[in-house]
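Remarks on the structure that follows.
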Amino acid sequence: MSWIATAISATLLLAGSVGANIIWDPVGHTCDTIGQALGQTDANAAVAKLWGDVENLASYALARMDNAANLKGSDPWEYLRIIGTYDVFFDIQHPESATRWEAVRTALSAISKVSQTDYVYMMCDDAYMWADQPDGTLVWTTPHDQTQKIPMGADQVNCARANTGGKNLIAYRIGWPVRNEQNPAYVVMCAKYNSGDIFLDSLNFEAGHSLDEYTTLTTTLFHEFLHVLISNMRGDMAGGTAAGGERYQVAGTQEVRSTYSPENPDSIALFALAMSTDSFFWLTTKAETKQDVWNRFMSAGQEGQNMIVSLGLTQP
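See the structure below:
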């Protein structure tokens, strides 16, 4: 029986309610208890909440971008929140700003329908598919075809290796440049290792804190599915240091802000997360209330006064 046939006949075919070919590990059954692991009543409830979080995060950021121009006169504070946050991550003064704006919109649009993705194999643990070798390398036995054993380098991440020494790898992606029925993209959630927040509604944003402090399973899946869905997303096996590779966290997004930020997954994921926090501004990459922004502008002399006047801001 093929792996697709096995998936179709499996009791836990969670993809049936959320997408065409998102398969939840019918071979290793690592997601059978995902409901309990994620604090939900059952597996289907957990999956629905995950996709709802990811899709809503993207949809809301996309809607904010699409409505920004209309808010310039009617709600200048919200206009500043949207445009200012976008500028932090993508440099709105860039010579190719229109193209970059559309690239970010396209990525958000794709993620807003992520549950409909084809040819993705989800896992909640990966121990059964990796074999450590004496020289430090790994052999990958692909669940969809267990006759296929692929040697991988010593730098290949997996849940066990990347959750030691204080590290907290929440999820990762592995697969082929082009996914199809025979070679799906794998997205692995390291459920038993996760020591952080899971869903967006568990977050409590506070002024003065960085977006780096609010990583969840939701934002991590958002990041990983950008790799799955957008072919030109930058990747990196060197921990965020490879030339031209992806960069991580807020500091990494600032490194590529004026270059390839629309192709950097964390830039898009953190922008979307920032947009979800209606009460906070992220113009300095740390959360500020409206009053904080006003006070900062007022203390910035003529430059700050010019910002207030040009934007039409009123005192909170």
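Those letters in the sequence shown? Residues -20 to -1, 1 to 296, by mature numbering (1 follows the signal peptide of the UniProt record, and there is no 0). The beta carbon of each residue, even a glycine, is placed where N, CA and C say it ideally should be. Here the structure is a predicted model, which means the values were calculated and not measured.
(message) For Tyr240 and Thr233, what's the separation of their Cα atoms in angstroms?
(response) A straight line joining the alpha-carbon of Tyr240 with that of Thr233 spans about 9 Å.
(message) With three or more C-beta pairs closer than 8 Å as the rule, is the segment 275 to 289 touching the segment 70 to 89?
(response) Fewer than three beta-carbon pairs drawn from the segment 70 to 89 and the segment 275 to 289 are found closer than 8 Å, and the two stretches are therefore not classed as touching.
(request) Quick one: residues in its chain with C-beta nearer than 6 Å to the C-beta of Gln136, no 5 flanking neighbours on either side, listed in chain order? (result) Excluding residues within five positions, the ones whose Cβ falls inside 6 Å are Leu118.
(request) Could you tell me if Asp181 is buried or exposed, where buried requires 16 or more neighbouring beta carbons within 10 angstroms of its beta carbon? (result) Exposed, because fewer than 16 other Cβ atoms sit within 10 Å of the Cβ of Asp181.
(request) Count the other C-beta atoms from every protein chain shown that fall within 10 angstroms of the C-beta of Val158, then say buried if there are 16 or more, exposed otherwise. (result) In summary, Val158 is exposed, with fewer than 16 beta-carbon neighbours lying within 10 Å of its beta-carbon over all protein chains present.
(message) Can you tell me where the alpha helix (DSSP H) holding Arg61 begins and where it ends?
(response) For Arg61, the enclosing alpha helix (DSSP H) stretches over residues Pro56 to Phe70.
(request) Within the same chain, show all residues whose beta-carbon is closer than 7 Å to that of Gly133, passing over the 5 residues directly before and after it, in chain order. (result) Excluding positions up to five away in sequence, the list reads Thr117.
(request) In angstroms with no decimal places, state the Cα-to-Cα distance between Trp262 and Gln128. (result) Between Trp262 and Gln128, the C-alpha separation is close to 47 Å.
(request) Note down, one range per segment and in chain order, each alpha helix (DSSP H) of at least 4 residues found wholly within the segment 230 to 266. (result) Listed in chain order, the complete alpha helix (DSSP H) runs (minimum 4 residues) inside the segment 230 to 266 are 245 to 255.
(request) List the endpoints of the continuous alpha helix (DSSP H) containing Val84. (result) From DSSP, the alpha helix (DSSP H) with Val84 extends over Ser77 to Ile91.
(request) May I ask you to list the residues that DSSP assigns as paired with Ile2? (result) Per DSSP, Val100.
(message) Give me, in chain order, the residues of the same chain whose beta-carbon lies closer than 7 Å to that of Pro245; leave out the 5 immediate sequence neighbours on both sides.
(response) Cβ within range, chain order: His203, Leu206, His207, Met213 and Glu226.
(message) Given this structure, state the Cα-to-Cα distance separating Ala107 from Thr10, to the nearest angstrom.
(response) Taking the straight line joining both Cα atoms gives about 10 Å.
(message) Let's test the definition: count the other Cβ atoms within 10 Å of the Cβ of residue 297 and tell me whether it reaches 16, buried, or not, exposed.
(response) With the chain represented from -20 up to 296, any question about residue 297 goes unanswered, as that position is not in the structure.
(request) Kindly indicate which residue of Asn160, Ala140 and Gln162 has the alpha-carbon position closest to the one of Tyr152. (result) Taking only the C-alpha atoms, the option nearest Tyr152 is Ala140.
(request) Sort Phe179, Val236 and Glu161 by Cα distance to Tyr99 and report the nearest one. (result) For Tyr99, the closest alpha carbon among the candidates Phe179, Val236 and Glu161 is that of Glu161.
(request) Identify which residue in Ala222, Ile288 and Thr122 has its Cα closest to the Cα of Pro164. (result) Comparing Cα positions, the closest option is Thr122.
(request) Let me know if Glu186 comes out buried or exposed under the rule of 16 or more other beta-carbons within 10 Å of its beta-carbon. (result) So Glu186 ends up on the exposed side.
(message) Short of 7 Å in beta carbon distance, which residues of its chain neighbour Ala142, apart from the five on each side in sequence? Order them along the chain.
(response) The residues are Leu149.
(message) Three Cβ pairs or more, each shorter than 8 Å: is that satisfied between the segment 22 to 41 and the segment 89 to 105?
(response) Enough Cβ pairs lie closer than 8 Å, so yes.
(request) Buried or exposed for Ala26, please, with buried defined as at least 16 other CB atoms from any protein chain shown within 10 angstroms of its CB. (result) So Ala26 counts as buried.
(message) Which of the three DSSP states is assigned to Thr10 in this structure?
(response) Here Thr10 sits in coil by DSSP.
(request) Output the distance between the C-alpha atoms of Val167 and Ile288, rounded to the nearest integer angstrom. (result) Straight across, the Cα-Cα distance linking Val167 with Ile288 is about 45 Å.
(message) Determine whether the beta carbon atoms of Tyr56 and Thr264 lie at a separation below 9 Å.
(response) For the record, residue 56 in the displayed sequence is Pro; it is not Tyr. With contacts defined by Cβ atoms closer than 9 Å, Pro56 and Thr264 do not form a contacting pair.
(request) Could you check how far apart the C-beta atoms of Thr200 and Leu183 are, in whole angstroms? I think they sit under 8 Å. (result) At roughly 13 Å, the Cβ-Cβ gap does not stay under 8 Å, so Thr200 and Leu183 are not in contact.
(request) Compare the C-alpha of Gly8 against each of Glu82, Gln126, Leu30 and Arg85 and name the closest. (result) With distances taken between Cα atoms, Gly8 lies closest to Gln126.
(request) May I have the straight-line CA-CA distance separating Gly53 from Tyr66, to the nearest angstrom? (result) Spanning the two alpha carbons is a distance of roughly 18 Å.
(message) For Thr296, count the other beta carbons within 10 Å of its own beta carbon; 16 or more makes it buried, fewer makes it exposed. Which is it?
(response) The question names Thr, but residue 296 in the sequence shown is Pro. Taking a 10 Å sphere around the C-beta of Pro296, we find fewer than 16 other C-beta atoms and assign the residue as exposed.
(message) Taking 9 Å as the threshold (C-beta atoms), are Leu18 and Ala171 in contact?
(response) Contact flag set, yes.
(request) Could you pull the start and end residues of the beta strand (DSSP E) that Asp115 belongs to? (result) Note, Asp115: premise wrong, no beta strand (DSSP E); not H, not E.
(message) Between which two residues does the beta strand (DSSP E) holding Lys129 run?
(response) Looking at the DSSP string, the run of the beta strand (DSSP E) that includes Lys129 is Lys129 to Met132.
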